[in-house]
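Student: Read in order, the letters of the sequence shown are residues 309 to 388 in my numbering. Backbone N, C-alpha and C fix where the C-beta goes; we use that ideal spot for every residue, glycine too. All figures in this text were calculated on a predicted structure; none of them were measured in a lab. Quick one: the structure is below, and I'll ask about it shortly.
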Amino acid sequence: MSALQNVGFEVARIKGSHHFHRQCRALLAQPPPPPGPAESTRDLMLHVTGIDIERYPICQQGALRPLGILPPAPLAWDTS
């Protein structure tokens with residue numbers, strides 16, 4: 309049953325999930341979902357794990373920063 313349930317929710321997530329979830333909650337007489345997290349991902353990870361994900365993992369000095377966006381990997385050659 310869980311496989312069917314997951315497929316149904318995955319499809320709903322892709323195609324207009326807001327309407328689908330509102331309808332499900334209404335049919336099941338459930339309250340609206342709580343508001344999303346107020347803290348950033350970095351703050352959440354620091355609070356939950358005690359690890360600052362923007363620091364270098366070994367020396368814990370300096371901040372990690374994005375340098376650029378990697379291009380998509382080329383498609384593998386079809387050798388069949």
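Taking the alpha helix (DSSP H) that D351 falls in, what are its first and last residues?
Tutor: Start at 1 with the first residue of the sequence shown, and residue 351 comes out as number 43. 349-357 is the span of the alpha helix (DSSP H), which, as asked, contains D351.
Student: Between the alpha carbons of M353 and A384, how many angstroms are there, rounded?
Tutor: The count along the sequence shown starts at 1 and reaches residue 353 at position 45. The count along the sequence shown starts at 1 and reaches residue 384 at position 76. Taking the straight line from one Cα to the other gives about 36 Å.
Student: Grab me the residues of P345's own chain with a C-beta within less than 8 Å of its C-beta, minus the 5 sequence neighbours each way, in chain order.
Tutor: The residue you call residue 345 lines up with position 37 of the sequence shown. Excluding sequence neighbours, P345 sits near L352.
Student: How many angstroms separate the CA atom of A371 from the CA atom of D360?
Tutor: For the purposes of this step, residue 371 is taken as the residue at position 63 of the sequence shown. For the purposes of this step, residue 360 is taken as the residue at position 52 of the sequence shown. A371 and D360: Cα-Cα distance of roughly 9 Å.
Student: Would DSSP call R333 helix, strand or coil?
Tutor: One-based indexing of the sequence shown puts residue 333 at position 25. Helix at R333.
Student: Suppose you measure from the CA of P365 to the CA of Q331; what does that come to, to the nearest Å?
Tutor: The residue given as residue 365 occupies position 57 in the sequence shown. The residue given as residue 331 occupies position 23 in the sequence shown. Distance between the alpha carbons of P365 and Q331: 44 Å.
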